[in-house]
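Student: Residue numbers for the sequence shown follow my numbering, beginning at 0 and rising by one. Every residue gets a Cβ at the ideal spot worked out from N, C-alpha and C, and that includes glycine. Being a predicted model, the structure only gives us computed values, none of them experimental.
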Amino acid sequence: MNQLKGYLIVSLLFLVFHFCISIDTIAPLQFIKDGDVLVSKGERFALGFFSPATSTRRYVGIWYNKVSQQTVVWVANRDNPINDTSGVLTINRQGNLVLYEKNQTIPLWSANFSTATNNSMAQLQDSGNLVLLQRDTQRILWQSFDYPTDTLLPYMKLGLNKRTGKSWVLASWKSKDDPGTGDIVYKIDPTGVPQLFLYKGPLRWWRGGPWTGERWSGVPEMTRSYIFNVSFVNNEDEVSIVYGVTNPSIVSRMMVNESGNVQRATWNERDRRWIGFWSAPKEQCDNYGECGANSNCDPYEPDNFICKCLPGYEPKSQRDWYLRDGSGGCIRKAGVSTCGAGEGFVKMERVRVPDTTQARADMSMSLKACELECLKNCSCTAYTSADERGLGCLRWFGNLVDTRTYSSEGQDIYVRVDAAELAKYVKSKGPLAKKGMLAMLILSIIAATLFLLLFPACCFIQRKRKAKDRRSKSMFNFEDSQSAKGSNEVGISDLPCFDLSTIAAATDNFSDANKLGEGGFGSVYKGLLDGAHEIAVKRLSKYSGQGNEEFKNEVTLIAKLQHRNLVRVLGYCIQEREKMLIYEFLPNKSLDSFIFDENKRSSLDWSTRHNIICGIARGILYLHQDSRLRIIHRDLKASNVLLDASMNPKISDFGMARIFGINQIEANTNRVVGTYGYMSPEYAMQGLFSVKSDVYSFGVLLLEILTGRKNSSYYDETTSSNLVGYVWDLWREGRSLEIVDLTLGDSYPEHEVLKCIQIGLLCVQESAADRPTMSAVVFMLSNDPILPSPKQPAFIMKRTYNSGDPSTGANSVNEVTVTLLEPR
0 MNQLKGYLIV SLLFLVFHFC ISIDTIAPLQ FIKDGDVLVS KGERFALGFF SPATSTRRYV
60 GIWYNKVSQQ TVVWVANRDN PINDTSGVLT INRQGNLVLY EKNQTIPLWS ANFSTATNNS
120 MAQLQDSGNL VLLQRDTQRI LWQSFDYPTD TLLPYMKLGL NKRTGKSWVL ASWKSKDDPG
180 TGDIVYKIDP TGVPQLFLYK GPLRWWRGGP WTGERWSGVP EMTRSYIFNV SFVNNEDEVS
240 IVYGVTNPSI VSRMMVNESG NVQRATWNER DRRWIGFWSA PKEQCDNYGE CGANSNCDPY
300 EPDNFICKCL PGYEPKSQRD WYLRDGSGGC IRKAGVSTCG AGEGFVKMER VRVPDTTQAR
360 ADMSMSLKAC ELECLKNCSC TAYTSADERG LGCLRWFGNL VDTRTYSSEG QDIYVRVDAA
420 ELAKYVKSKG PLAKKGMLAM LILSIIAATL FLLLFPACCF IQRKRKAKDR RSKSMFNFED
480 SQSAKGSNEV GISDLPCFDL STIAAATDNF SDANKLGEGG FGSVYKGLLD GAHEIAVKRL
540 SKYSGQGNEE FKNEVTLIAK LQHRNLVRVL GYCIQEREKM LIYEFLPNKS LDSFIFDENK
600 RSSLDWSTRH NIICGIARGI LYLHQDSRLR IIHRDLKASN VLLDASMNPK ISDFGMARIF
660 GINQIEANTN RVVGTYGYMS PEYAMQGLFS VKSDVYSFGV LLLEILTGRK NSSYYDETTS
720 SNLVGYVWDL WREGRSLEIV DLTLGDSYPE HEVLKCIQIG LLCVQESAAD RPTMSAVVFM
780 LSNDPILPSP KQPAFIMKRT YNSGDPSTGA NSVNEVTVTL LEPR
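(1) Would you mind giving the Cβ-Cβ distance between S294 and C308, rounded to the nearest angstrom? I have them listed as a contact below 8 Å.
(2) Between C284 and Y621, what straight-line distance do the alpha-carbon atoms span, to the nearest angstrom?
(3) Between the Cα of K199 and those of P189, T180, G208, spot the shortest distance and give me the residue it belongs to.
(4) In its own chain, which residues sit with a C-beta less than 6 Å from the C-beta of V255, not counting the 5 before and 5 after it?
(5) Assuming A75 contacts V59 (C-beta within less than 8 Å), just tell me the rounded distance between them.
(6) Return the residue from the list A52, T55, V36 that minimises the CA-CA distance to L46.
(7) Assuming D238 and P189 form a contact by the criterion Cβ under 8 Å, report the distance between their Cβ atoms to the nearest whole angstrom.
(8) Would P792 and G724 be called neighbours here (beta carbons separated by less than 9 Å)?
(9) Which residue from K375, G41, G94 puts its Cα closest to that of F30?
(10) C572: buried (16+ other C-beta within 10 angstroms of its C-beta) or exposed?
(11) Please work out which residues of its chain come closer than 8 Å, Cβ to Cβ, to E370, disregarding the five sequence neighbours upstream and downstream, and give them in chain order.
(12) Mapping DSSP to helix, strand and coil, what is E681?
(13) Measuring only from the beta carbon, is L603 closer than 8 Å to any heavy atom that is part of the ligand ADP?
(14) Does the region 622 to 640 touch the region 558 to 567, meaning 3 or more C-beta pairs lie closer than 8 Å?
(15) Between L736, C377, Q410, which has its C-alpha nearest E213's C-alpha?
(16) Only counting the same chain, and skipping five residues up and downstream in sequence, which positions put a Cβ closer than 7 Å to that of N79?
(17) Which residue from R252, A52, F231, E348 puts its Cα closest to that of R263?
(18) Assuming L132 is part of the beta strand (DSSP E), what are its boundary residues?
(19) With a floor of 3 residues, list each beta strand (DSSP E) that falls wholly inside the region 271 to 300, ordered by position along the chain.
(20) Return the residue from the list M655, G733, L641, T245 that minimises the CA-CA distance to H632.
(21) Which residue's Cα is closest to the Cα of T55: R77, K691, T84?
(22) Out of F48, Y63, K65, state which residue places its alpha-carbon closest to the alpha-carbon of Q57.
(23) How many angstroms separate the CA atom of N111 from the CA atom of R734?
(24) What are the residues that DSSP puts in a beta bridge with K375?
(25) Give the straight-line distance between the Cα atoms of K101 and G243, rounded to the nearest whole angstrom.
(26) Evaluate contact between the region 775 to 786 and the region 64 to 72, counting only Cβ atoms and requiring at least three cross-stretch pairs below 8 Å.
(27) Can you grab the Cα-Cα spacing for the pair S589 / E420, in whole Å?
(28) Quick check: what's the CA-CA separation for V777 versus P314?
(29) Ignore the nearest five residues each way along the sequence and tell me which others in R206's own chain have a CB closer than 8 Å to its CB.
(30) From the DSSP output, which residues share a beta bridge with P784?
(31) Which residue from D145, R269, I187, S592 puts its Cα closest to that of R203?
(32) Tell me the DSSP secondary structure of V763 in three-state form.
(33) What residue from V250, P298, A292 has the CA that sits closest to G275's CA?
(34) State the CB to CB distance for the pair I226 and L157, rounded to an integer number of angstroms; the pair is presumed to be in contact (CB under 8 Å).
(35) By how many angstroms is the C-alpha of E289 removed from the C-alpha of T245?
(36) Which residues bound the alpha helix (DSSP H) around N95?
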């Protein structure tokens with residue numbers, strides 16, 4: 000009998016011990032202390048206490064149980080952390096799920112449902128949903144899916160309960176070390192016609208638009224596929240969307256991060272990393288209201304300016320529009336009646352429809368009825384189908400805001416115009432088409448008559464002008480064999496051509512007081528255009544290594560580029576042997592003026608540096624992959640990265656850039672251009688350049704930002720290696736953090752800095768094939784994947800270069816820009 004009692008006591012103690020160490024849903028949760036883990040029945044998710052990144056604070060969270068990178072998908076006490084390991088998650092006497100600190104009677108967090116019961120239990124479901132159930136009826140009293148944090152899991156709702164006011168929204172973490180409620184919010188706004196928004200604080204940051212029956216209007220990539228099935232509900236009870244997965248083995252999540260992006264990613268078990276396949280915003284036209292009211296943002300326009308007024312509208316400020324500032328938007332053309340005879344609609348194809356906050360929807364109306372109904376109301380400015388399948392009517396009243404064009408998969412919208420504007424557009428059928436065709440015929444006859452009358456006079460004037468130009472050296476003084484061709488090429492950029500006197504007046508005749516800096520190609524001046532707009536003027540020296548070809552290249556190339564991390568060019572000037580580019584003015588000048596300055600460098604905390612690194616990476620990715628032209632910069636360095644008032648980076652100086660074909664991998668040149676210390680080995684020695692040449696330059700620049708030291712001037716006397724070599728040696732010895740800029744002190748997350756150092760070393764590997772692409776770099780910077788070990792980088796040993804005669808074009812401040820290098 001005593002032996003039996005002893006056996007029972009030992010068995011009971013064992014069960015109690017096992018219960019405290021590992022709990023699952025076979026036995027319902029009663030309490031979890033710090034150190035315990037609750038695993039879902041299918042072992043897909045785990046619940047327990049954790050500390051994010053380098054933080055020592057403790058939180059209760061849910062994460063993927065079998066994903067090797069700890070990926071937290073829900074946090075209970077995100078705004079009320081515990082400072083030690085005394086936390087206990089339990090069910091109190093009222094049946095509520097609560098979190099206590101040691102010796103505390105007031106909970107730090109609770110499920111806080113209104114109905115009290117002493118008959119409840121908690122379970123972690125294999126969907127990642129933590130539920131509080133009533134034991135006898137299995138009724139759900141509370142669930143974590145109703146209180147998302149930064150992650151949307153499959154079968155979790157995003158939206159609003161219209162009856163209770165309960166909203167299901169995503170809010171970013173404050174930082175990777177702090178899961179507190181951040182400023183980036185992803186939600187459905189039910190005002191007017193419900194639509195999807197990403198907010199940054201109180202500001203609308205990106206708009207997914209209204210639901211079109213198949214997808215969000217602003218997410219053309221969202222199509223029904225074998226991975227996801229989507230359920231959208233919009234009735235008197237709620238508006239919501241739920242994403243399901245067709246294959247339960249697929250691990251997928253949507254999350255918002257603190258940098259202002261919403262991302263969709265799936266877990267790749269083979270590579271043991273998250274693979275991102277959609278994110279927003281991605282480009283300039285994704286920014287909410289980028290072009291103001293009554294305009295369309297079109298990133299595919301060939302003439303360099305993404306903002307276009309809608310039919311029947313004109314720029315609110317012609318001056319701002321001329322300077323490529325479309326934020327003021329457009330207004331109705333002068334003298335146009337908004338409710339006159341002969342009005343009609345102009346069709347715009349493949350767009351994200353305007354903000355529907357002030358729009359109205361009627362699902363019982365056909366598209367034709369929608370047109371007639373819009374014509375009856377003088378305040379109706381546009382209409383379209385509420386559903387992509389042609390069902391329902393969606394009408395706008397007032398300004399049309401945040402319209403943009405897509406290359407495919409967009410909607411069609413019909414914009415109201417008066418009779419005169421309508422005559423400019425030809426429709427395929429109906430009485431309006433006949434009127435339009437008649438108007439076009441009359442205009443054609445008038446134009447032909449004027450041409451016959453004025454053509455001889457124009458020819459005479461042109462001959463006189465050419466004769467005058469040959470006698471004068473004041474305009475387009477190109478000295479190569481293609482001078483005439485070159486001057487025409489500059490003109491096709493469609494950038495404003497400023498008069499020399501205008502630029503001279505703006506810069507106080509290029510006074511030293513307005514000089515911002517000087518480089519190998521000349522000087523840069525600050526100017527004030529028309530006494531209001533600040534500009535930066537890049538004035539090429541007559542001894543500049545950037546000749547006519549480089550200048551024409553930069554004008555025609557940069558005019559086609561639009562991205563938040565690329566500097567914006569406003570115009571150019573070619574007159575009296577002067578070649579100048581006019582840029583937007585960026586008050587913080589170039590990156591090298593900060594990171595290589597002992598005093599200024601201390602103002603760059605880790606968050607700022609990381610933002611600069613990520614911004615440069617996104618800018619280069621745009622050049623390589625997302626722009627209409629595949630572009631190799633070939634001279635990426637700290638002095639060619641400018642900083643705006645908010646310390647956001649903007650890549651500049653495209654004089655050496657080259658355009659690649661869509662399927663082109665690499666090219667060869669006999670004229671190697673670039674800057675020592677930033678040039679990849681295959682380019683410097685063999686003249687081979689590719690997207691991987693820019694990746695190498697980015698890697699060097701990344702290491703310079705982390706260390707505050709120049710690759711071209713920092714050498715370790717014991718090894719005769721440059722900065723890249725020194726970082727490589729420290730990384731192999733596990734001492735990478737010793738090279739981090741001392742001005743950062745201890746105020747940086749070690750894991751993030753180590754990740755950036757490793758990414759930098761991956762980018763400067765000797766073989767171009769081993770270096771990652773910029774898309775991979777952007778993903779690595781924005782996520783926490785398992786990184787491969789870098790191979791030995793290409794070391795460029797310490798050498799001394801003489802700038803020599805200024806006519807060689809190799810003269811610059813602080814660093815040497817090579818304009819011609821013939822390898823042996």
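Tutor: From the atom records:
(1) Looking up residue 294 in the sequence shown gives position 295. Looking up residue 308 in the sequence shown gives position 309. The Cβ separation is near 5 Å, so the contact holds.
(2) Position 285 of the sequence shown, counting from 1, holds the residue named residue 284. Position 622 of the sequence shown, counting from 1, holds the residue named residue 621. When rounded, the distance between both Cα atoms is 13 Å.
(3) Walking along the sequence shown from the start, residue 199 turns up at place 200. K199 has its Cα closest to that of T180, out of P189, T180, G208.
(4) Walking along the sequence shown from the start, residue 255 turns up at place 256. Correct list, in chain order: D149, L169, S171, I183, Y185, V261.
(5) Within the sequence shown, numbered from 1, the residue matching residue 75 stands at position 76. Within the sequence shown, numbered from 1, the residue matching residue 59 stands at position 60. That belief holds up - the Cβ atoms of A75 and V59 are roughly 4 Å apart, short of 8 Å.
(6) Here residue 46 refers to the residue found at position 47 of the sequence shown. Minimum Cα distance to L46 is reached at V36.
(7) Working through the sequence shown from its first residue, we reach residue 238 at position 239. Working through the sequence shown from its first residue, we reach residue 189 at position 190. Reading the sequence as shown, one finds Val at residue 238 and not Asp. V238 to P189, Cβ: 5 Å. Contact.
(8) Here the question's residue 792 lines up with position 793 in the sequence shown. Here the question's residue 724 lines up with position 725 in the sequence shown. A contact, by the Cβ cut-off of 9 Å.
(9) Looking up residue 30 in the sequence shown gives position 31. Selected option, being the one with the closest Cα: G94.
(10) The count along the sequence shown starts at 1 and reaches residue 572 at position 573. Buried, because 16 or more other Cβ atoms sit within 10 Å of the Cβ of C572.
(11) Start at 1 with the first residue of the sequence shown, and residue 370 comes out as number 371. The residues are F344, Y382, Y413.
(12) As a first step, residue 681 must be located in the sequence shown, where it is residue number 682. Residue state, collapsed to three classes: helix.
(13) Among the ligands in the structure shown, none appear at all, so the ligand ADP cannot be discussed.
(14) yes
(15) As a working mapping, residue 213 is identified with position 214 in the sequence shown. If we check each option's Cα against that of E213, Q410 comes out closest.
(16) Locating residue 79 in the sequence shown gives position 80, where the first residue counts as 1. For N79, where only same-chain residues beyond five positions count, the Cβ hits under 7 Å are L107, W108.
(17) Position 264 of the sequence shown, counting from 1, holds the residue named residue 263. Nearest option by C-alpha distance: R252.
(18) Taking the sequence shown and counting its residues from 1, one reaches residue 132 at position 133. Segment 129 to 133, the beta strand (DSSP E) holding L132.
(19) 272 to 279, 294 to 296
(20) Residue numbering aside, residue 632 sits at position 633 when the sequence shown is read from its first letter. For H632, the nearest C-alpha among the options comes from M655.
(21) Against the sequence shown, residue 55 aligns to sequence position 56. Considering only alpha carbons, the answer is T84.
(22) Position 58 of the sequence shown, counting from 1, holds the residue named residue 57. Reading the sequence as shown, one finds Arg at residue 57 and not Gln. Considering only alpha carbons, the answer is F48.
(23) Numbered from 1 along the sequence shown, position 112 holds the residue referred to as residue 111. Numbered from 1 along the sequence shown, position 735 holds the residue referred to as residue 734. Roughly 48 Å between the two C-alpha positions.
(24) The count along the sequence shown starts at 1 and reaches residue 375 at position 376. K375 pairs with nothing; no bridge assigned.
(25) Here residue 101 is taken as the residue at index 102 of the sequence shown, counted from 1. Here residue 243 is taken as the residue at index 244 of the sequence shown, counted from 1. Each residue's alpha carbon lies about 40 Å from the other.
(26) yes
(27) Indexing the sequence shown from 1 puts residue 589 at position 590. Indexing the sequence shown from 1 puts residue 420 at position 421. Answer to the nearest angstrom: the Cα atoms are 46 Å apart.
(28) Looking up residue 777 in the sequence shown gives position 778. Looking up residue 314 in the sequence shown gives position 315. C-alpha separation (whole angstroms): 36 Å.
(29) Locating residue 206 in the sequence shown gives position 207, where the first residue counts as 1. These residues qualify, in order along the chain: Q194, L195, F196, L197, G217, Y287, R351, D354, D401.
(30) Here residue 784 refers to the residue found at position 785 of the sequence shown. According to DSSP, P784 bridges with nothing at all.
(31) Working through the sequence shown from its first residue, we reach residue 203 at position 204. When each option's Cα is compared against that of R203, the closest is I187.
(32) Within the sequence shown, residue 763 is the residue found at index 764, counting from 1. In the structure shown, V763 sits in coil (DSSP, three-state: anything other than H, G, I, E or B).
(33) In the sequence shown, counting from the first residue as 1, residue 275 sits at position 276. Of the candidates V250, P298, A292, the one whose C-alpha sits nearest the C-alpha of G275 is V250.
(34) Walking along the sequence shown from the start, residue 226 turns up at place 227. Walking along the sequence shown from the start, residue 157 turns up at place 158. Going by Cβ atoms, the distance from I226 to L157 rounds to 18 Å, so no, they are not a contact pair.
(35) Counted from its first residue, the sequence shown places residue 245 at position 246. Counted from its first residue, the sequence shown places residue 289 at position 290. Using only the alpha carbons, I get a separation of about 37 Å.
(36) Residue 95 sits at position 96 when you count from the first residue of the sequence shown. Careful: N95 lies outside any alpha helix (DSSP H) and carries neither H nor E.
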